[in-house]
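Engineer:
Protein chains: 2
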Amino acid sequence: MTAVGGDRLTPRAGEIVAAARRILEREGESALTMRRLAAHLGMKAPSLYKHFSDKEAVEVELIAIAFEETAEAFEAAVAGGAQRPITALAGAYRAYARAHPHLYRLMTDRPLPRERLPEGLEARAAGPILQAMGAVASARAAWGMAHGLVMLELNDRFPPDADVDAAWEAGVAALESAKTTEHA
Amino acid sequence: MTAVGGDRLTPRAGEIVAAARRILEREGESALTMRRLAAHLGMKAPSLYKHFSDKEAVEVELIAIAFEETAEAFEAAVAGGAQRPITALAGAYRAYARAHPHLYRLMTDRPLPRERLPEGLEARAAGPILQAMGAVASARAAWGMAHGLVMLELNDRFPPDADVDAAWEAGVAALESAKTTEHA
DNA sequence: GTCTATAGTGGGATAGAC
DNA sequence: GTCTATCCCACTATAGAC
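Which chain is which? The protein sequence lines are R and X, in order.
The opening residue of the first sequence carries number 1 in the numbering used here; numbering runs sequentially from there.
The opening residue of the second sequence carries number 1001 in the numbering used here; numbering runs sequentially from there.
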């Protein structure tokens, strides 16, 4: 098991987080139990509590990983100066959420454990959206739309015949026009 | 305990749903267990299975109630022809979600159990949004934005100092301009 | 000191017999 | 309606092996 966490975690803790990620991504949140996590590592559940104070501490590490990867995806989307940064960021946002649905849910389902997360990580991930939208309020509206469309898609809430691509296109168009008319 | 459910449910089943709603709204989803629900009604958990096949059947009734109430709120918001129907609907959407956060979550957290819900209920709730936005794709983008902003607010995901009102205003402005430029 | 295990608490959904 | 029972969960107390 490859470890993760850099100098945030001990090597053994990094291995546990890596195993937790595999379980979460493959089998979903309900499968991520301390018992099963321990079993994947050849140990018993109580032993995990020597490495993490509680289950939430494991989840916090997964959230940190998801934030790092999201920030990287955003930075790649606008690298070199995209002509349509909003479109590029929307595409990157949706693509990451669809590629890692359970990780994405974990990242957005609950209040952010800001005090347990590396400093500046949240701001780094938000930066490209803020830059593309030009104002904090518009950036939050854009985030809201992206998050809502992603969750409705992940939760299978659209009617079976719905054209989700078209909804994203209409949403991105609205955000683009909001940006240009902002100072009118 | 006042019963609900009309002719969808037996009187006793209606009482159970009404109790379930009270528990859910007051104490949240994790408090809505079959044991506690039974205790509130002076019975034991296994007895509930005489009235509902499983816990999900109880939840479906709560979802149906939330849909009815949402549809009514939308209809009231645009009754008599609001000058700014998008603004009015956004306000009604956010207000309902904030007034009934646990019910709202239940309604959107999972795939819609369409086959177990009264026919036409989903379309009735969606109607005012579709009408206000003028096109299905735009209506879904608007729904996405409203849902995303609501969930981020309910999940306490915005930074503590964030101006959520301003984000809604920026979002509604974007949707308004999307509507007017739609046929350009 | 660091890793592990066993055993137990208290909660949950649910099935079956009465 | 009841009861008992099965199987899941997070988590804790305790203690033994290295």
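Don't be surprised by glycine CBs; every beta carbon is placed ideally from N, CA and C.
Quick check on this structure: which residue in Ala170(R), Leu152(R), Ala31(R) has the alpha carbon closest to the alpha carbon of Arg1105(X)?
Structural biologist: Closest by alpha carbon: Leu152(R).
Engineer: Use the C-beta contact count for Ala184(R): other C-beta atoms within 10 angstroms, 16 or more gives buried, fewer gives exposed.
Structural biologist: Residue placement at Ala184(R) cannot be trusted, given a pLDDT of 45 that sits under 50; what the coordinates show is reported in the next sentence. By the 10 Å Cβ count, Ala184(R) comes out exposed.
Engineer: Measuring straight from C-alpha to C-alpha, what distance separates Glu72(R) and Leu89(R)?
Structural biologist: Distance between the alpha carbons of Glu72(R) and Leu89(R) is about 11 angstroms.
Engineer: Which bits of chain R does Asp1109(X) rub up against, with CB to CB less than 8 angstroms?
Structural biologist: Per Cβ cutoff of 8 angstroms: Asn155.
Engineer: If you check the beta carbons only, do Ala1092(X) and Phe1074(X) fall under 8 angstroms apart?
Structural biologist: Contact: yes.
Engineer: With H, G and I counted as helix, E and B as strand and the rest as coil, what does DSSP make of Tyr104(R)?
Structural biologist: Reduced to three states, the DSSP call for Tyr104(R) is helix.
Engineer: Pro1085(X) to Pro1101(X), Cα distance in whole Å?
Structural biologist: Going by the C-alpha atoms only, they are around 23 angstroms apart.
Engineer: Between which two residues does the alpha helix (DSSP H) holding Arg114(R) run?
Structural biologist: Element bounds for Arg114(R): n/a, residue is neither H nor E.
Engineer: Could you tell me the distance, in whole angstroms, from the CA atom of Ile1065(X) to the CA atom of Tyr49(R)?
Structural biologist: Between Ile1065(X) and Tyr49(R), the C-alpha separation is close to 42 angstroms.
Engineer: Please check if any C-beta of chain R sits within less than 8 angstroms of the C-beta of Arg1140(X).
Structural biologist: Yes, contact with chain R.
Engineer: Which residues in the same chain have their Cβ closer than 6 angstroms to the Cβ of Ala1045(X), if we skip the five residues on either side of it in sequence?
Structural biologist: Excluding sequence neighbours, Ala1045(X) sits near Met1034, Arg1035, Ala1038.
Engineer: I want to verify the contact list: residues of chain X whose CB lies under 9 angstroms from the CB of Glu169(R), in sequence order.
Structural biologist: Neighbours of Glu169(R) on chain X, chain order: Ala1137, Ala1141.
Engineer: Is the distance from the Cβ of Glu122(R) to the Cβ of Phe67(R) below 8 angstroms?
Structural biologist: A contact, by the Cβ cut-off of 8 angstroms.
Engineer: For Ile186(R) and Gly80(R), what's the separation of their Cα atoms in angstroms?
Structural biologist: Because chain R is modelled from 1 through 184, residue 186(R) falls outside the range shown and cannot be assessed.
Engineer: Decide if the region 1005–1024 of chain X is in contact with the region 163–179 of chain R; the criterion is three or more beta carbon pairs, one per stretch, under 8 angstroms apart.
Structural biologist: The region 1005–1024 of chain X vs the region 163–179 of chain R: no contact.
Engineer: Against Ser1177(X), what residues of chain R qualify as contacts under a CB-to-CB distance less than 8 angstroms, listed in chain order?
Structural biologist: Residues of chain R passing the Cβ test: Ala174, Ser177, Ala178, Thr181.
Engineer: Just the Cα atoms here: how many angstroms apart are Val235(R) and Arg21(R)?
Structural biologist: With chain R running from 1 to 184 in the structure shown, residue 235(R) is simply not present.
Engineer: Kindly list, in the order they appear in chain X, the residues whose Cβ is closer than 8 angstroms to that of Phe158(R).
Structural biologist: Those are Arg1140, listed as they occur along chain X.
Engineer: Could you confirm whether any beta carbon from chain X is found closer than 8 angstroms to the beta carbon of His147(R)?
Structural biologist: Yes - at least one Cβ of chain X is within 8 angstroms of the one on His147(R).
Engineer: Let me confirm a value: Val1134(X) is counted as buried when at least 16 other C-beta atoms fall within 10 Å, else exposed. Which label applies?
Structural biologist: Note on residue identity: the sequence assigns Gly, not Val, to residue 1134(X). Flag for Gly1134(X) reads exposed.
Engineer: Once DSSP output is grouped into helix, strand and coil, what is the label at Lys179(R)?
Structural biologist: Note: Lys179(R) maps to helix in three-state DSSP.
Engineer: Just reading off the alpha helix (DSSP H) that Pro1085(X) is part of, what are its end residues?
Structural biologist: Taken as a continuous stretch (DSSP letters only), the alpha helix (DSSP H) holding Pro1085(X) covers 1085–1099.
Engineer: Please report whether the beta-carbon of Ala1162(X) lies at a distance below 8 angstroms from any beta-carbon of chain R.
Structural biologist: Ala1162(X) counts as touching chain R.
Engineer: How many angstroms separate the CA atom of Ala95(R) from the CA atom of Leu1024(X)?
Structural biologist: Ala95(R) and Leu1024(X): Cα-Cα distance of roughly 34 angstroms.
Engineer: For Gly144(R) versus Leu1154(X), is the C-beta distance shorter than 8 angstroms?
Structural biologist: No, Cβ-Cβ distance for Gly144(R) and Leu1154(X) is not below 8 angstroms.
Engineer: What's the gap between the Cα of Ala18(R) and the Cα of Ala1178(X)?
Structural biologist: Rounded to whole angstroms, Ala18(R) to Ala1178(X) spans 43 angstroms at the Cα level.
Engineer: Using a Cβ cut-off of 8 angstroms (strictly closer), state whether Leu103(R) contacts chain X.
Structural biologist: Chain X, which has no Cβ nearer than 8 angstroms to the Cβ of Leu103(R), makes this no.
Engineer: Closer than 9 angstroms by beta-carbon distance: list the chain R residues that pair up with Leu1152(X), in chain order.
Structural biologist: Correct list: Thr108, Arg140, Trp143, Gly144, His147, Gly148.
Engineer: For Leu24(R), decide whether its Cβ has a neighbour in chain X, counting only Cβ atoms nearer than 8 angstroms.
Structural biologist: Judged by the 8 angstroms Cβ criterion, Leu24(R) is not in contact with chain X.
Engineer: My assumption, with CB atoms under 8 angstroms, is that Glu169(R) sits in contact with Ala1137(X). Please give the rounded CB distance.
Structural biologist: The Cβ separation is near 7 angstroms, so the contact holds.
Engineer: Report the option in Asp1109(X), Pro1128(X), Ala1167(X), Thr1002(X) whose CA atom is closest to the CA atom of Ala1082(X).
Structural biologist: Looking at the Cα atoms, Pro1128(X) is the closest of the given residues.
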